[in-house]
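S.K.: The structure is given below, and queries will be raised subsequently.
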Amino acid sequence: MGRKKLGWSRREFLLGGGMALAGACLSIEQTNQRRTGVIGRPLLKLDELARFVDALPVPRVLPASGTRPEPGNAGRKIPYYRLEMRQFEAKIHRDVKPTRLWGYGGASPGPTIEARSGEPVLVEWVNDLPGTHLLPIDHSIHGAGKDIPDVRTVAHLHGAKAPPDSDGYPEAWYAPGKSATYYYPNGQEAAMLWYHDHALGITRLNIYAGLLGVYFVRDSIEEGLGLPRGKYEMPLVMCDRFIDAQGQLFYPISPVPDEPWVPEVFGDATLVNGKLFPFLEVEACKYRLRLLNGSNARQFYLSFSNGQELHQIATDLGFLPAPVALKKLELAPAERADLIVDFAGHAGENVELRNGLLPVMQFRVAKTPPRGTGVLPKTLRAVPKTRESESVATRLLTLGEKDDMAGNPMTMLLDNKHWSMPISEKPRLNSVEIWNFANFTDDTHPIHLHLVRFQILDRRVFEPEAYYKQGKILYTGEAVPPEANEAGWKDTVQAHPGMVTRIITRFEGFTGRYVWHCHILEHEDNEMMRPYEVISPDAKEEPVAAAEVICGPLNSRRGSRRW
Ligand code: C2O
Ligand code: CU
Ligand code: CU
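Using this note's numbering, the final residue of the sequence shown is 580, and nothing's skipped along the way.
Quick look at the structure:
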């Protein structure tokens with residue numbers, strides 16, 4: 018993918034290129050000086066750090082704190098969990114000083130919640146954070162003004178089919194000392210979900226500070242597959258960060274005073290379950306690795322140092338029809354991949370998991386005979402195709418970016434609309450719609466819809482100029498079906514530059530207000546997020562014309578813009 022504008026990536030900081038803004042061209046050191054707390058603090062020298070000296074931590078499984086009556090059904094008692102968000106210090110590496118972090122249950126990633134399909138639970142999300150934020154807030158961003166508490170949180174369970182008042186609406190945040198109890202019915206198939214913060218205007222900072230964790234939904238079909246389990250199943254939560262020489266989180270800021278927002282952050286340190294360069298001792302047998310890309314903006318390109326194959330068995334929200342053999346795996350922010358990796362035939366070897374050429378973690382394969390008995394089934398679970406003929410509306414939604422005069426991204430927009438504009442997407446409960454994401458930018462945007470699971474129809478190259486001139490999509494290439502390993506249930510899709518990415522979904526579960534957004538957290542925080550509302554089947558609302566493109570010419574705004 019061509020990325021003409023990388024934003025404030027570290028490389029650009031170091032090269033000092035592409036950063037001219039109001040005549041200023043700052044290096045990372047100079048930028049640091051604008052931040053109290055990071056003044057004169059260079060970054061941790063990763064090249065000099067010993068690799069593979071810390072064992073991979075496995076997040077603990079959270080026990081229920083008791084039971085509570087089910088909302089709306091007081092006769093039934095359901096498990097009740099409590100997770101406190103706290104500030105704490107953790108060792109991310111043997112030779113790095115303790116790092117101040119925020120986390121659920123005093124850990125990052127937080128404890129894992131094990132839920133069962135069809136068995137509802139309650140989770141109380143308690144904000145016990147201090148009153149001062151760890152990271153630089155941009156008060157000029159919508160919803161992040163100086164008139165509200167700097168520290169505020171609202172938890173979202175990503176991938177959950179949850180009622181709207183338990184979904185973590187970005188404006189439903191609350192300050193330290195408060196909590197919210199959310200109801201998760203778990204009426205969905207086995208999958209790896211994840212919980213994370215979603216407070217309007219500061220989600221990128223709250224998650225970067227450590228507010229994320231894993232939530233598994235289990236079911237009997239999964240259990241019948243004979244997959245590796247117990248210690249042969251492992252969540253791998255991967256997040257990139259900048260760590261300064263004092264071992265503290267560093268979040269880059271722009272050179273513009275009072276507007277520290279940067280368009281994307283690509284840290285050079287990859288944490289796996291909260292450790293830098295961890296190792297895991299494994300037996301020479303099959304493992305089930307459940308990967309989550311919890312990064313703010315980074316896409317991972319993963320492979321093994323010995324070139325060994327892996328099999329993907331599930332996408333974001335459920336099993337694939339059959340395992341897909343891969344040598345490389347691409348994972349965008351918020352995407353999950355469920356993998357079977359077989360270390361048989363590699364006894365005694367050290368195998369590295371790499372992102373591109375860079376080591377992320379190491380697997381030490383034992384010489385002793387393995388005891389794991391997990392299998393890789395030939396088939397997994399049917400994924401019935403949602404038929405295009407079922408769709409009652411096709412929406413064309415642009416992914417756009419507004420730049421300042423110097424070509425620096427200022428904000429990203431969905432459908433050329435800001436967060437606070439009236440709701441324009443109002444699908445009816447149980448109806449099927451096709452959403453077409455036309456990407457006018459140079460970035461891949463991982464687009465996520467709350468509440469629903471969807472399927473990718475295809476991606477197709479189009480000509481942006483024809484759209485500017487006539488307001489019409491002119492395709493210049495063939496429609497490309499999704500890769501085999503994305504042809505399952507998804508909640509986040511990579512919308513590539515210069516392409517229209519088409520998804521199809523049924524709006525099942527609940528009526529009410531949800532959001533859809535880009536999961537590059539810097540984009541999401543700065544307007545690349547929109548509310549949408551599932552309305553009741555008989556609500557009076559103009560239906561969207563079926564299979565018609567409904568988007569007029571874009572209104573022009575001041576400054577240059579790239580759509
Ligand atoms: Cu990962 Cu709006 O969510
Ligand atoms: Cu979500
Ligand atoms: Cu984006």
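A virtual CB, placed ideally from N, CA and C, is assigned to each residue, including glycine.
Between which two residues does the alpha helix (DSSP H) holding L222 run?
M.R.: Start at 1 with the first residue of the sequence shown, and residue 222 comes out as number 205. Here the alpha helix (DSSP H) through L222 covers T220 to Y225.
S.K.: Whole-angstrom Cβ separation of L146 and R85, contact assumed at under 8 Å?
M.R.: Start at 1 with the first residue of the sequence shown, and residue 146 comes out as number 129. Start at 1 with the first residue of the sequence shown, and residue 85 comes out as number 68. Actually they do not touch by this definition, with Cβ atoms about 24 Å apart.
S.K.: Hey, is the stretch 339 to 353 in contact with the stretch 322 to 331, meaning 3+ C-beta pairs nearer than 8 Å?
M.R.: Output reads yes: the stretch 322 to 331 touches the stretch 339 to 353.
S.K.: What residues does ligand 2 have around it, judged by CB closer than 5 Å to any heavy atom, in chain order?
M.R.: H175 and H467
S.K.: Let me confirm a value: G120 is counted as buried when at least 16 other C-beta atoms fall within 10 Å, else exposed. Which label applies?
M.R.: Translated into the one-based positions of the sequence shown, residue 120 becomes position 103. So G120 ends up on the buried side.
S.K.: Check whether the stretch 173 to 184 touches the stretch 457 to 469, taking contact to mean three or more Cβ pairs, one atom from each stretch, closer than 8 Å.
M.R.: In short, these stretches touch, since the Cβ pair count reaches three.
S.K.: Applying the 10 Å Cβ sphere with the 16-neighbour rule, what's the burial state of I56?
M.R.: For the purposes of this step, residue 56 is taken as the residue at position 39 of the sequence shown. In this predicted model, I56 has a pLDDT of only 33, less than 50, meaning its place in the structure is not dependable; the value taken from the coordinates is given anyway. So I56 counts as exposed.
S.K.: Among all the DSSP beta bridges, which residues are the ones paired with Y420?
M.R.: As a position in the sequence shown, residue 420 is number 403, starting the count at 1. In the sequence under discussion, the amino acid at residue 420 is Asp, which differs from the Tyr named in the question. DSSP output for D420 lists P426 as bridge partner(s).
S.K.: Roughly how many angstroms lie between the CA atoms of N425 and H156, to the nearest whole one?
M.R.: The residue given as residue 425 occupies position 408 in the sequence shown. The residue given as residue 156 occupies position 139 in the sequence shown. Those two C-alpha atoms are separated by around 19 Å.
S.K.: Would you mind sorting Q265 into buried or exposed? The rule is 16 or more other CB atoms within 10 Å of its CB.
M.R.: Reading the sequence shown from its first residue, position 248 is the one you call residue 265. So Q265 counts as buried.
S.K.: What residues in its chain sit with their C-beta under 6 Å from that of Q316, if we drop five residues either side in the sequence?
M.R.: For the purposes of this step, residue 316 is taken as residue 299 along the sequence shown, with counting starting at 1. For Q316, where only same-chain residues beyond five positions count, the Cβ hits under 6 Å are A349.
S.K.: Count the other CB atoms, across all protein chains shown, that sit within 10 Å of the CB of S577; report buried if there are 16 or more and exposed otherwise.
M.R.: By one-based count along the sequence shown, residue 577 stands at place 560. With a pLDDT of only 29 at S577, under the threshold of 50, the placement of this residue in the model should not be trusted; the figure read from the coordinates follows. With fewer than 16 other Cβ atoms within 10 Å, it is exposed.
S.K.: Output the residue ranges of the beta strand (DSSP E) runs that lie fully inside the stretch 472 to 532 and measure 3 residues or longer, sorted by chain position.
M.R.: 509 to 512 and 516 to 523
S.K.: Expressed to the nearest angstrom, what Euclidean distance is found between the alpha-carbon atoms of P115 and V409?
M.R.: The residue labelled residue 115 in the question sits at position 98 within the sequence shown. The residue labelled residue 409 in the question sits at position 392 within the sequence shown. The alpha-carbon atoms of P115 and V409 are separated by roughly 54 Å.
S.K.: Short check: CB of A301 to CB of H363, under 8 Å?
M.R.: By one-based count along the sequence shown, residue 301 stands at place 284. By one-based count along the sequence shown, residue 363 stands at place 346. Going by C-beta atoms, A301 is nearer than 8 Å to H363.
S.K.: V234: beta carbon under 7 Å from a heavy atom of ligand 1?
M.R.: Counting from one through the sequence shown, the residue named residue 234 turns up at place 217. Every heavy atom of ligand 1 is 7 Å or more from the Cβ of V234, so no.
S.K.: I need the boundaries of the alpha helix (DSSP H) containing D355, first residue and last residue.
M.R.: Residue mapping note: residue 355 aligns to position 338 of the sequence shown, counting from 1. Annotation for D355: no alpha helix (DSSP H) segment contains it, though the beta strand (DSSP E) segment containing it runs R353 to D359.
S.K.: Under 7 Å from any heavy atom of ligand 1, does the C-beta of V532 make it?
M.R.: Position 515 of the sequence shown holds residue 532. With a threshold of 7 Å, the Cβ atom of V532 counts as near ligand 1, since some heavy atom of the ligand is closer than that.
S.K.: From this set, L118, P96 and R221, which residue's C-alpha is nearest S312's C-alpha?
M.R.: Here residue 312 refers to the residue found at position 295 when the sequence shown is read from its first residue. S312 has its Cα closest to that of R221, out of L118, P96 and R221.
S.K.: Would the C-beta of H215 count as close to ligand 1, meaning under 7 Å from any of its heavy atoms?
M.R.: Mapped onto the sequence shown, residue 215 falls at position 198. Checking every heavy atom of ligand 1 against the Cβ of H215, one is found closer than 7 Å.
S.K.: Under the three-state reduction of DSSP, which class applies to K443: helix, strand or coil?
M.R.: Numbered from 1 along the sequence shown, position 426 holds the residue referred to as residue 443. In the three-state reduction of the DSSP assignment, K443 falls in the coil class, being assigned neither a helical nor a strand state.
S.K.: Whose C-beta lies closer than 6 Å to the C-beta of R445 among residues of the same chain, with five residues either side of it excluded?
M.R.: The sequence position of residue 445 within the sequence shown is 428, counting from 1. Excluding sequence neighbours, R445 sits near I552 and P554.
S.K.: At a cut-off of 7 Å, would you count A197 as near ligand 1, judging by its Cβ distance to the nearest heavy atom?
M.R.: Working through the sequence shown from its first residue, we reach residue 197 at position 180. Answer for A197: no, Cβ out of range of ligand 1.
S.K.: I need the straight-line Cα distance from E239 to I158, nearest angstrom please.
M.R.: Position 222 of the sequence shown, counted from the start, is the residue given in the question as residue 239. Position 141 of the sequence shown, counted from the start, is the residue given in the question as residue 158. CA-to-CA, the gap between E239 and I158 works out to about 43 Å.
S.K.: Could you please give the first and the last residue of the uninterrupted beta strand (DSSP E) stretch that includes L100?
M.R.: Along the sequence shown, one-based indexing puts residue 100 at 83. L100 -> beta strand (DSSP E) spans N90 to A107.
S.K.: Using only CA atoms, which one of W278, S134 and R117 lies nearest to R235?
M.R.: Reading the sequence shown from its first residue, position 218 is the one you call residue 235. Cα-wise, what sits closest to R235 is S134.
S.K.: Need the endpoints of the beta strand (DSSP E) that E87 sits in, please.
M.R.: Taking the first residue of the sequence shown as position 1, residue 87 is located at position 70. Its beta strand (DSSP E) spans residues G83 to E87.
S.K.: Does the structure place the stretch 469 to 488 close enough to the stretch 515 to 531 that three or more beta carbon pairs sit under 8 Å?
M.R.: yes
S.K.: So, is M422 buried or exposed, given that buried needs 16 or more other C-beta atoms within 10 angstroms?
M.R.: By one-based count along the sequence shown, residue 422 stands at place 405. Burial call: exposed.
S.K.: Check whether the Cβ atoms of V341 and T403 lie closer than 8 Å to each other.
M.R.: Locating residue 341 in the sequence shown gives position 324, counting from the first residue. Locating residue 403 in the sequence shown gives position 386, counting from the first residue. No; because the gap between Cβ atoms is not below 8 Å, this pair is not in contact.
S.K.: Mind checking whether the beta-carbon of M429 lies closer than 7 Å to any heavy atom of ligand 3?
M.R.: For the purposes of this step, residue 429 is identified with residue 412 of the sequence shown, where counting begins at 1. Within the cutoff, so yes.
S.K.: Would you decide whether Y485 is buried or exposed? Buried here means 16 or more other CB atoms lie within 10 Å of its CB.
M.R.: Within the sequence shown, numbered from 1, the residue matching residue 485 stands at position 468. Here Y485 is exposed, its C-beta having fewer than 16 other C-beta atoms within 10 Å.
S.K.: Can you list, in chain order, the residues of its chain whose CB lies under 7 Å from that of G204, leaving out five sequence neighbours each side?
M.R.: Locating residue 204 in the sequence shown gives position 187, where the first residue counts as 1. Only residues of its own chain outside the window of five on either side were considered, and among them G135 and K178 have a CB closer than 7 Å to the CB of G204, listed in chain order.
S.K.: Between the C-alpha atoms of L308 and F336, what's the straight-line distance to the nearest angstrom?
M.R.: Position 291 of the sequence shown holds residue 308. Position 319 of the sequence shown holds residue 336. Those two C-alpha atoms are separated by around 14 Å.
S.K.: In angstroms with no decimal places, state the Cα-to-Cα distance between G247 and A72.
M.R.: Working through the sequence shown from its first residue, we reach residue 247 at position 230. Working through the sequence shown from its first residue, we reach residue 72 at position 55. G247 and A72 have their C-alpha atoms some 17 Å from each other.
S.K.: Assuming T428 contacts P514 under a Cβ cut-off of 8 Å, what Cβ separation, rounded to an integer in Å, is found between them?
M.R.: In the sequence shown, residue 428 corresponds to position 411, counting from 1. In the sequence shown, residue 514 corresponds to position 497, counting from 1. About 17 Å separates the two Cβ atoms, so there is no contact after all.
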